[in-house]
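A short write-up of the structure that comes next.
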Amino acid sequence: GSEMCIRDSGGALAFVYTVCILIAVSMVVMIRMVFIHPLQRNIEAMKKLANGDFTVRVDHAEHGYVPREMVEFEQSFNKAAEELGGTEILRKDFINNFSHEFKTPIVSISGFADLLLEEQLPPEDQKEYLTIIRDESRRLADLATNILTLNRVESQTILTDKACFSCLLYPSDAADEAR
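Each residue of the sequence shown is one higher than the one before, counting from 1 in the working numbering.
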């Protein structure tokens, strides 16, 4: 009798172990599907974004459970990528416009300098050409100054901390402040 009880309990124990192993394997698979795979996909997207691909977007899987935090992260990531893409377009437009604005006076200066060197010009034409060269040189200097100012403004830290205080001090308050 006792031998049969041990044998039956051994079978039950094996069944419990098998169920535990199946549950553990199922949990590992679920964790990989719900957390690890989306994280790996998001990491790959971040790498692309860091390398300058501002068109990259992440979307959660259409099937299965997606944690709310993962959805929020993906929405924030997509918004950041969109904003960076817009900034990149503005940067390229700025460079194109700056290049044109920079090149125009240089071409003008070069052309009028060539005319002054190659031809025997009346003094009034020489004066006009030299005035144009001077004005275009000043335009280039102003452009360089503006770019340096823009760079200085861009590199400054924007203070976002706000503090409320009263702009009006009554005479008695002012005396207290002075003490």
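Backbone N, C-alpha and C define an ideal beta-carbon position, used for all residues, glycine too.
Are residue i and residue j close, meaning C-beta to C-beta below 7 Å?
i: S108; j: E136; result: yes
i: A45; j: V56; result: yes
i: V58; j: N42; result: yes
i: I133; j: F102; result: no
Might you give, ordered along the chain, the residues of its own chain that have their beta carbon closer than 7 Å to the beta carbon of residue i, omitting 5 neighbours on each side?
i: K48; result: V56
i: H60; result: P38, V66, M70, V71 and E74
i: T87; result: none
i: Q126; result: L116
i: C20; result: none
To the nearest angstrom, how far is it from the Cα of residue i to the Cα of residue j?
i: L115; j: L148; result: 32 Å
i: M30; j: N78; result: 25 Å
i: F54; j: E82; result: 7 Å
i: V25; j: I36; result: 15 Å
i: E128; j: E118; result: 16 Å
i: P185; j: D142; result: A query on residue 185 cannot be resolved here, the shown segment of the chain reaching from 1 to 179 and no further.
i: L13; j: R32; result: 29 Å
i: N51; j: E124; result: 57 Å
i: R193; j: S76; result: Outside the displayed span of the chain (1 to 179) sits residue 193, for which this structure offers no information.
i: R84; j: S155; result: This sequence places Leu at residue 84; Arg is not what is there. One C-alpha to the other measures close to 18 Å.
i: I89; j: I23; result: 51 Å
i: L150; j: L121; result: 41 Å
i: L140; j: D93; result: 19 Å
i: N97; j: R91; result: 10 Å
i: A80; j: Q40; result: 19 Å
i: V153; j: S99; result: 20 Å
Give the range of the alpha helix (DSSP H) segment to which residue i is assigned.
i: Q126; result: P123 to S155
For residue i, which residues in the same chain have their Cβ closer than 6 Å to its Cβ, ignoring the five residues on either side in sequence?
i: T18; result: none
i: L130; result: none
Looking at chain D, is there any beta carbon in it that lies within less than 7 Å of the beta carbon of residue i?
i: M33; result: Among the protein chains of the structure shown there is no chain D, as only one such chain exists.
Worksheet entry | beta strand (DSSP E) segments (min. 3 residues) lying fully within the segment 18-94 | none
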